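The structure under discussion appears below in the form of structure tokens.
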Amino acid sequence: MAKTKVLSLSGESKKDITLNDEIWNIEINEVVLTDAIKLQMASLRQGTHKTKDRSEVSGGGRKPWRQKGTGRARQGSIRAAQWVGGGIVFGPTPRSYSIKMNKKERRLAIKSALSDKFQNKGLCVVDNLELSTPKTKDFNKVLDTLKLDGKTLIVTDGENGNIALASRNLQNTHVIEPTSINVLDLVGADNLLIDEASVAKIEEVLK
Numbered sequence: 192m193a194k195t196k197v198l199s200l201s202g203e204s205k206k207d208i209t210l211n212d213e214i215w216n217i218e219i220n221e222v223v224l225t226d227a228i229k230l231q232m233a234s235l236r237q238g239t240h241k242t243k244d245r246s247e248v249s250g251g252g253r254k255p256w257r258q259k260g261t262g263r264a265r266q267g268s269i270r271a272a273q274w275v276g277g278g279i280v281f282g283p284t285p286r287s288y289s290i291k292m293n294k295k296e297r298r299l300a301i302k303s304a305l306s307d308k309f310q311n312k313g314l315c316v317v318d319n320l321e322l323s324t325p326k327t328k329d330f331n332k333v334l335d336t337l338k339l340d341g342k343t344l345i346v347t348d349g350e351n352g353n354i355a356l357a358s359r360n361l362q363n364t365h366v367i368e369p370t371s372i373n374v375l376d377l378v379g380a381d382n383l384l385i386d387e388a389s390v391a392k393i394e395e396v397l398k
């Protein structure tokens with residue numbers, strides 16, 4: 192059984208909790224994890240890139256010179272691709288970059304990312320994440336006390352508004368709710384700081 196300590200914000204050990212092995216301690220499936228990262232990064236792309244081909248650029252309705260007798264190469268339009276200001280050949284057009292992935296694979300990817308954090312000692316569970324003030328200085332002290340170096344993903348309920356206010360000026364912290372947990376944020380963080388209530392919510396959704 193996977194077990195971890197529950198700490199207070201002052202770094203004091205409160206108790207041990209048992210984590211669901213099927214969520215926090217599975218064999219990491221790197222293939223599915225990679226596919227999920229590609230899917231999420233692809234979904235962030237707008238796909239609105241566009242160039243004009245020769246039928247869309249303005250001008251060029253008249254043949255620039257007669258077909259024969261000038262000594263120059265024959266041309267039909269000054270908006271052909273070889274002309275400056277002409278249309279672009281095989282340029283990008285608007286498209287969707289979305290990738291399909293079934294539900295079981297998506298869940299397996301999140302479980303793999305959570306298991307990676309637990310197995311590599313990047314998981315820090317606290318009893319609660321309630322701050323009395325929204326001061327960045329106070330939250331920095333919490334991170335120092337918990338020895339969380341590097342990029343930290345904070346998972347807590349949206350009601351803890353002071354956490355969001357105190358951390359938004361910190362470059363290496365990102366706050367999300369347990370219902371918004373995703374592979375890209377998990378993989379991109381060195382540490383996962385999560386309160387006990389959010390652990391229960393994640394296990395309820397992913398069980």
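Here this note's numbering is used: the first residue of the sequence shown is 192, the next is one more, and so on. All C-beta atoms in this analysis are idealised placements derived from N, C-alpha and C, irrespective of residue type, glycine included. No experiment lies behind these values; they were computed from the predicted model shown.
| query | result |
| --- | --- |
| Same chain, Cβ closer than 6 Å to Gly252, neighbours up to 5 away in sequence not counted | none |
| Closest Cα partner of Val280 within the set Lys243, Leu198 and Ser199 | Lys243 |
| Where Leu157 falls: helix, strand or coil (DSSP) | Because residue 157 is not part of the residues shown, which for the chain are 192 to 398, the question remains open. |
| Simplified DSSP state of Thr343, which is helix, strand or coil | strand |
| Member of Arg359, Ser389, Val317 and Gly282 whose CA lies at the smallest distance from the CA of Asp207 | Val317 |
| Beta strand (DSSP E) segment containing Thr364, residue limits | Thr364 to Ile367 |
| Nearest to Asn216 (by Cα), restricted to the options Ile345, Leu384, Glu321 and Asn311 | Asn311 |
| Same chain, Cβ closer than 6 Å to Thr327, neighbours up to 5 away in sequence not counted | Ala357 and Asn360 |
| Residue span of the beta strand (DSSP E) that contains Asn220, given as start and end | First-last for Asn220: undefined, no H or E at that position. |
| Cβ pair count under 8 Å reaching 3, the region 222 to 242 against the region 372 to 382 | yes |
| Under the three-state DSSP convention, the category Lys314 falls into | In the sequence under discussion, the amino acid at residue 314 is Leu, which differs from the Lys named in the question. Strand, per DSSP. |
| Thr195 in three-state terms, based on DSSP | strand |
| Lys328 (DSSP reduced to helix, strand or coil) | helix |
| Within 8 Å, strictly: CB atoms of Val346 and Ala355 | no |
| Endpoints, the alpha helix (DSSP H) within which Ile385 is located | No alpha helix (DSSP H) contains Ile385, which is instead part of the beta strand (DSSP E) from Asn382 to Asp386. |
| Distance, Lys194 Cα to Thr332 Cα | The question names Thr, yet the displayed sequence has Lys at residue 332. Distance between the alpha carbons of Lys332 and Lys194 is about 26 Å. |
| Beta bridge counterpart(s) of Leu210 as assigned by DSSP | Ala193 |
| Delimiting residues of the alpha helix (DSSP H) encompassing Val275 | It is not in any alpha helix (DSSP H) - Val275 carries neither H nor E in the DSSP assignment. |
| Limits of the unbroken alpha helix (DSSP H) element including Asp376 | Val374 to Gly379 |
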